[in-house]
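**Student:**
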Amino acid sequence: MDVDWRRRPVDEWPALVRYLLENGDGHGPSTPRTDAMAAALNDMVASLPTAALVRALDATVTGTSDPVARDAAHRALYAHLARQSALPPGDLFEMVRPLVVAGLTDVWSATRKHCAHALPLLLDRCTDPAQIRTLFHDLVAAATTGRTWQAVQGAAGAINALVRSFQWQIAPDATNRLHLAVGAMTFDAMPAFIRDALPPTMYRLMGHAQTTVRETAIRALAAYLSRAPAAATEAALATTMRGLGESRDDAFRTEGLLGFAVEVVSRLPPAYLLSTWATYFDTVQAMLGHRASTVRQMASRVFLALVARHRDAHVADRAVLVGHVMQSLASGWARAPGVVEPAPGADHHPAMPTTTAPASMFPPVDRPAAASANWESKEGHLLAYELIVVVLSAAMDHDAPCRPAAGRPHRGSVVALAGRPLQRRCSHHQHQQDAPERLRSQSLPNLAMSDQEETSHLLSYLESAGSSSAGDACAGRPPLGRTCTDCQSEYFPADAIARPSLVLRAWLLQCVASAVDGRWELRRMADQVSPAIVRLLVHLRPTIADDLLRSATDRVGRLAACLVARHHGRAAPDTTMLRQWVSSSPGADDPLLAAALDALVSNAAVEGDVDAVVAGCGRVPGRYASWLLPRIWSAMGALVGRCRDARLISAVVDLAVRCDNAATRNGAVLAIRDMVDSMGDDHVMLAAVVTGACALLIATGDVDVKAVLDVMHCAASRTQALDGIRYEVDLLTPGQGRRASTTPSALGRPAAPGHRRKAPSLDSGTALSRSSSDGDVAGDAGDDWDDWDSDSDAGDDHLEKVADAGDLDRADLLNAVQRLQVKVADVLRLLLPADDVIAPDHVI
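Using the UniProt record's numbering, you'd call the opening residue of the sequence shown number 1 and step up by one each time.
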């Protein structure tokens, strides 16, 4: 087909344009033919009159089902309009407008995005406000009556782009006033047609079933608020809360309104949020118990917005707001709507410890079934706790705020602001400008202070100014406003709020109560939130572990104390209460015993107290072994590197033997393998590993034999003093028998098949200490070799038969392992004093 449009009559141009769009770029690899078609299309876009090109493009858009062709048509339209100095006037604009709306509401997302991105360039060339009004009403109609969600989302996105085209500028005249400008047009405020139609339309779209539609509507209305007076944002908060009260049963609308509430709250100053506390807090807190999980998550984000850094907000202002949010959330836990507390003497249902993940921070426990009746509200509170703690925890690494030189605090510092009143301010700050003293009207140097540094100031301010009794009587309401005697403004005393450490302590107790609940959702969230709460709590109050240990009286309080003692940070707690709880435990079914042992062994390992670690391992309850043992082994693994004591290996093997869970027992093998890496060439510890592994194979058959043999081989291979033991271990390993027969012996001489092997003898003055710090073997090994026991040859033949068989028979394996134990003891008898020799029949 000839693509030279200049040779064709005018009535053939639409067909030619459609042909070029449907067969040009985007329809296969680039060829000289497609390049010629693209050049012809570009020539038509640049040369055709607007009316002729619009008719041709409109025919393609309405007549083709090819999304690539439609996208190319809209790109061609915007490329043509970009060449014009102004939008076409009159009837010509009426021809362009439907094509523009069609691109903004196209079913293909790439087309919608491109058209929305190019819309501001089109509006910059607009010289008549009526054109913007007409286009805006078309978009509102499409958003309201769109047949597909793609059309609705595209229209909402176009409205967002249109609103964002209005930019604040300073008037060039002497007034220096701000005004909104679009292209060459200026407005003192948003046009009335936008103010009247945009908010109700976007509020309606916030209830749409499609997530992207709701998100786009939120962005559009937020863009409008940033270009509207402060009163519009304040009114939006009231409208949103009223809508939440009316649409609780509509999950989509509730989620959308909460998402918009996040935007509104982030735009309001803390002083206003405190003064209007009653209009929104209870409503949002009730949404934490909504049956839809997405609604609970979005409600938690509203509380995140409340505690997040606000623009142009003083640290003290934000501190009061953050303190009351935290305090009221803790109070709302017990008085959430729909709470059903268990009746005294309620039946208990047994917990299932086998379903608890090893990574859980809490042991599985029994819990009344009725306690989960309001689990949605509790999970919602935990979601909010997590987000808030993450924000506050970000300041811990920056907890060294700059301090002024000695003397009077600099203006704007936390020290200077601690005793000053909190003024009630609106966005225009008019009242502060009229105040005689202008108390705290100056801003802290927020531009030079990072979020983490400001939050560090905030926490320090709250912890120093907070009341020690407020946290025990959380009323869920901010303090009553007082009147400043200087400027008659309302302020809120900071000493009426609770210290963060007291509130975090209440949060921790609520997390522990959730961790022992019957609902897995609460247990999952408690495991997820508790570490961050403990970390922040210990940071704010280093002695919190001792405080909890002394004051805990019930099960939840003691479990919380054990948790904090387990993760105490740098301030090690007094473990006296932990020892008392362990010694007074009623039995193996007590979850407190497992939690106390976890904290006790962890602290003993940090302090290097091997006796306490070994004693604690002897009290591990079998019911909670699968939860507790991996935690104990982690602590012991760090201890082995510092305290080379063979009793630690014996304790691990003893726990593995007593455990009735195969997975946990195999975990012990992996833990021992990790410990071997920190033993160096300490032959005493390495020999203890081999002996313990032998005992594990003898005591139980429900263990990964290959993994155990690998641990034995790894331990025996780390020092030449155990070369003979390594040779025997290689013979035990399937597939290693023939290779081991050619392995050099302990003295470096090859061991010929059938040759009678001998054990090395040491000089009479040679002795080894059990501690690796005493050095290597003192003295040189002699050239003489004493005979092994009389059945060594028979044992060797048997080991090779077992190894060559490929699969280890249980009886044959036990016999071979018992012989290996004897030979390990023989080697150690030659290397160590008589009192330090490990018994050959040692079975843990």
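Even for Gly, the Cβ is constructed at its ideal location relative to N, Cα and C.
(1) Just grab the DSSP bridge partners of Leu178 for me.
(2) Quick one: give me the first and last residue of the alpha helix (DSSP H) that Thr216 is part of.
(3) Distance check for Pro630 and Pro531, CA to CA, integer angstroms please.
(4) Report, in whole angstroms, the separation of the C-beta atoms of Ala594 and Leu628, which I expect to be a contact under 8 Å.
(5) Between Val262 and Ala15, what straight-line distance do the alpha-carbon atoms span, to the nearest angstrom?
(6) Take Phe193 as the anchor and find which of Ala251, Leu225, Thr134, Thr211 has the nearest alpha-carbon.
(7) Using beta-carbon positions only, say whether Ala51 and Leu81 come within less than 8 Å of one another.
(8) What is the DSSP secondary structure of Thr186, counted as helix, strand or coil?
(9) Let's see if you can read the secondary structure: which residues bound the alpha helix (DSSP H) around Ala56?
(10) Looking at the structure shown, is His381 part of a helix, part of a strand, or coil, going by DSSP?
(11) From what residue to what residue does the alpha helix (DSSP H) around Ala31 run?
(12) Closest to Trp13 by CA distance: which of Ala36, Ala40, Gly24, Thr34 is it?
(13) Taking the straight line between their C-alpha atoms, what separation do you get for Trp149 and Ala217?
(14) Report the rounded CA-to-CA distance for Val614 versus Ala599, giving the unit in angstroms.
(15) In this structure, does DSSP put Asn42 in helix, strand or coil?
(16) Mind checking Arg533: buried by the 16 CB within 10 Å criterion, or exposed?
(17) Could you tell me the boundaries of the alpha helix (DSSP H) in which Arg558 lies?
(18) Label Ile725 either buried or exposed according to how many other C-beta atoms from any shown protein chain fall within 10 Å of its C-beta, with 16 as the threshold for buried.
(19) Confirm, please, whether the CB-CB distance from Leu180 to Ile159 is below 8 Å.
(20) Locate the alpha helix (DSSP H) running through Tyr624, then write down its first and last residues.
(21) Can you tell me whether Gly63 is buried or exposed? The criterion is at least 16 other CB atoms within 10 Å of its CB, across all chains shown.
(22) Are the Cβ atoms of Leu288 and Leu321 separated by less than 8 Å?
(23) Beta-carbon within less than 6 Å of Ser165's beta-carbon, same chain only, minus the 5 sequence neighbours each way: which residues are those?
(24) Does the stretch 681-698 come within contact of the stretch 820-827, defined as at least 3 CB pairs closer than 8 Å?
(25) Report the residue from Arg75, Pro200, Asp66, Ala86 whose alpha carbon sits nearest the alpha carbon of Val107.
(26) So, is Trp168 buried or exposed, given that buried needs 16 or more other C-beta atoms within 10 angstroms?
(27) Please report the residue range of the alpha helix (DSSP H) in which residue 864 lies.
(28) Given a threshold of 16 other Cβ atoms within 10 Å of its Cβ, counted over all protein chains shown, does Thr240 qualify as buried or as exposed?
(29) With distance defined between alpha-carbon atoms, name the residue in Gly146, Ala662, Met712, Asp730 nearest to Gly701.
(30) Can you grab the Cα-Cα spacing for the pair Arg301 / Val391, in whole Å?
(31) Secondary structure at His539, three-state DSSP: helix, strand or coil?
(32) Out of Thr127, Glu246, Ala232, Asp43, which has the shortest C-alpha to C-alpha gap to Ala79?
(33) With DSSP collapsed to three states, give me the class of Met95.
(34) Between Asp517, Arg523, Leu559, which lies nearest to Arg505 when the distance is taken from Cα to Cα?
(35) Of all the options Val325, Val295, Arg309, Arg318, which has the alpha carbon lying nearest to the alpha carbon of Ser377?
(36) Distance check for Leu592 and Ala545, CA to CA, integer angstroms please.
**Tutor:** Taking the definition as stated:
(1) Residue mapping note: residue 178 aligns to position 178 of the sequence shown, counting from 1. Listed as beta-bridge partners of Leu178 by DSSP are Ile170.
(2) Position 216 of the sequence shown, counted from the first residue, corresponds to residue 216. Element bounds for Thr216: 211-225.
(3) Taking the sequence shown and counting its residues from 1, the one referred to as residue 531 is at position 531. Taking the sequence shown and counting its residues from 1, the one referred to as residue 630 is at position 630. Looking at the backbone, the Cα of Pro531 and that of Pro630 are separated by about 17 Å.
(4) For the purposes of this step, residue 594 is identified with residue 594 of the sequence shown, where counting begins at 1. For the purposes of this step, residue 628 is identified with residue 628 of the sequence shown, where counting begins at 1. Between Leu628 and Ala594 the Cβ distance is about 5 Å, and since that is below 8 Å, they are a contact.
(5) For the purposes of this step, residue 262 is identified with residue 262 of the sequence shown, where counting begins at 1. For the purposes of this step, residue 15 is identified with residue 15 of the sequence shown, where counting begins at 1. Val262 and Ala15: Cα-Cα distance of roughly 51 Å.
(6) Translated into positions along the sequence shown, residue 193 becomes position 193. Looking only at Ala251, Leu225, Thr134, Thr211, the smallest Cα-Cα distance to Phe193 is reached by Thr134.
(7) Looking up residue 51 in the sequence shown gives position 51. Looking up residue 81 in the sequence shown gives position 81. Contact: no.
(8) As a position in the sequence shown, residue 186 is number 186, starting the count at 1. In the structure shown, Thr186 sits in a strand (DSSP, three-state: E or B).
(9) Along the sequence shown, read from residue 1 onward, the residue named residue 56 stands at position 56. Bounds of the alpha helix (DSSP H) holding Ala56 are 50-63.
(10) Within the sequence shown, numbered from 1, the residue matching residue 381 stands at position 381. His381 carries a helical assignment under DSSP once its states are collapsed to helix, strand and coil.
(11) As a position in the sequence shown, residue 31 is number 31, starting the count at 1. The question names Ala, but residue 31 in the sequence shown is Thr. No alpha helix (DSSP H) contains Thr31, which DSSP labels as neither H nor E.
(12) As a working note, residue 13 is residue 13 in the sequence shown. Just measuring C-alpha positions, the residue of Ala36, Ala40, Gly24, Thr34 sitting nearest Trp13 is Ala40.
(13) To locate residue 149, count along the sequence shown from 1; it is residue 149. To locate residue 217, count along the sequence shown from 1; it is residue 217. Taking the CA atoms as reference points, Trp149 sits about 12 Å from Ala217.
(14) What you label residue 614 is simply residue 614 of the sequence shown in a count that begins at 1. What you label residue 599 is simply residue 599 of the sequence shown in a count that begins at 1. The alpha-carbon atoms of Val614 and Ala599 are separated by roughly 14 Å.
(15) As a working note, residue 42 is residue 42 in the sequence shown. Under the three-state reduction of DSSP output, Asn42 falls in the helix class.
(16) Counted from its first residue, the sequence shown places residue 533 at position 533. Sequence inspection shows Ile at residue 533; the Arg mentioned does not correspond to that position. Buried is the call here.
(17) On the sequence shown, position 558 is the one that residue 558 refers to. For Arg558, the enclosing alpha helix (DSSP H) begins and ends at 555-566.
(18) Locating residue 725 in the sequence shown gives position 725, counting from the first residue. Buried, by the Cβ-count rule.
(19) Here residue 159 corresponds to residue number 159 of the sequence shown, with the count starting at 1. Here residue 180 corresponds to residue number 180 of the sequence shown, with the count starting at 1. Taking 8 Å as the Cβ cut-off, Ile159 and Leu180 do not qualify as a contacting pair.
(20) Locating residue 624 in the sequence shown gives position 624, counting from the first residue. Run containing Tyr624: none; DSSP gives neither H nor E here.
(21) In the sequence shown, counting from the first residue as 1, residue 63 sits at position 63. Exposed is the call here.
(22) Position 288 of the sequence shown holds residue 288. Position 321 of the sequence shown holds residue 321. Taking 8 Å as the Cβ cut-off, Leu288 and Leu321 do not qualify as a contacting pair.
(23) Residue mapping note: residue 165 aligns to position 165 of the sequence shown, counting from 1. Within the same chain, Ser165 has close Cβ partners Pro120, Leu123, Val182.
(24) Flag = yes, the stretch 681-698 and the stretch 820-827 touch.
(25) The residue given as residue 107 occupies position 107 in the sequence shown. Closest by alpha carbon: Asp66.
(26) Reading the sequence shown from its first residue, position 168 is the one you call residue 168. Exposed, by the Cβ-count rule.
(27) An answer regarding residue 864 cannot be provided, because it is not within the stretch 1 to 844 covered by the chain.
(28) Looking up residue 240 in the sequence shown gives position 240. Thr240 should be labelled buried.
(29) On the sequence shown, position 701 is the one that residue 701 refers to. Among Gly146, Ala662, Met712, Asp730, the Cα nearest to that of Gly701 is on Ala662.
(30) Within the sequence shown, the letter at position 301 stands for residue 301. Within the sequence shown, the letter at position 391 stands for residue 391. The straight-line gap from Cα to Cα measures roughly 12 Å.
(31) To locate residue 539, count along the sequence shown from 1; it is residue 539. Helix at His539.
(32) Taking the sequence shown and counting its residues from 1, one reaches residue 79 at position 79. The option with the nearest alpha carbon to Ala79 is Asp43.
(33) In the sequence shown, the residue the question calls residue 95 occupies position 95. Looking at Met95 - three-state DSSP - the assignment turns out to be helix.
(34) Working through the sequence shown from its first residue, we reach residue 505 at position 505. Scanning Asp517, Arg523, Leu559 for the CA closest to the CA of Arg505 turns up Leu559.
(35) Here residue 377 is taken as the residue at index 377 of the sequence shown, counted from 1. Out of Val325, Val295, Arg309, Arg318, Val295 has the C-alpha closest to the C-alpha of Ser377.
(36) Here residue 545 refers to the residue found at position 545 when the sequence shown is read from its first residue. Here residue 592 refers to the residue found at position 592 when the sequence shown is read from its first residue. C-alpha of Ala545 to C-alpha of Leu592: approximately 16 Å in a straight line.
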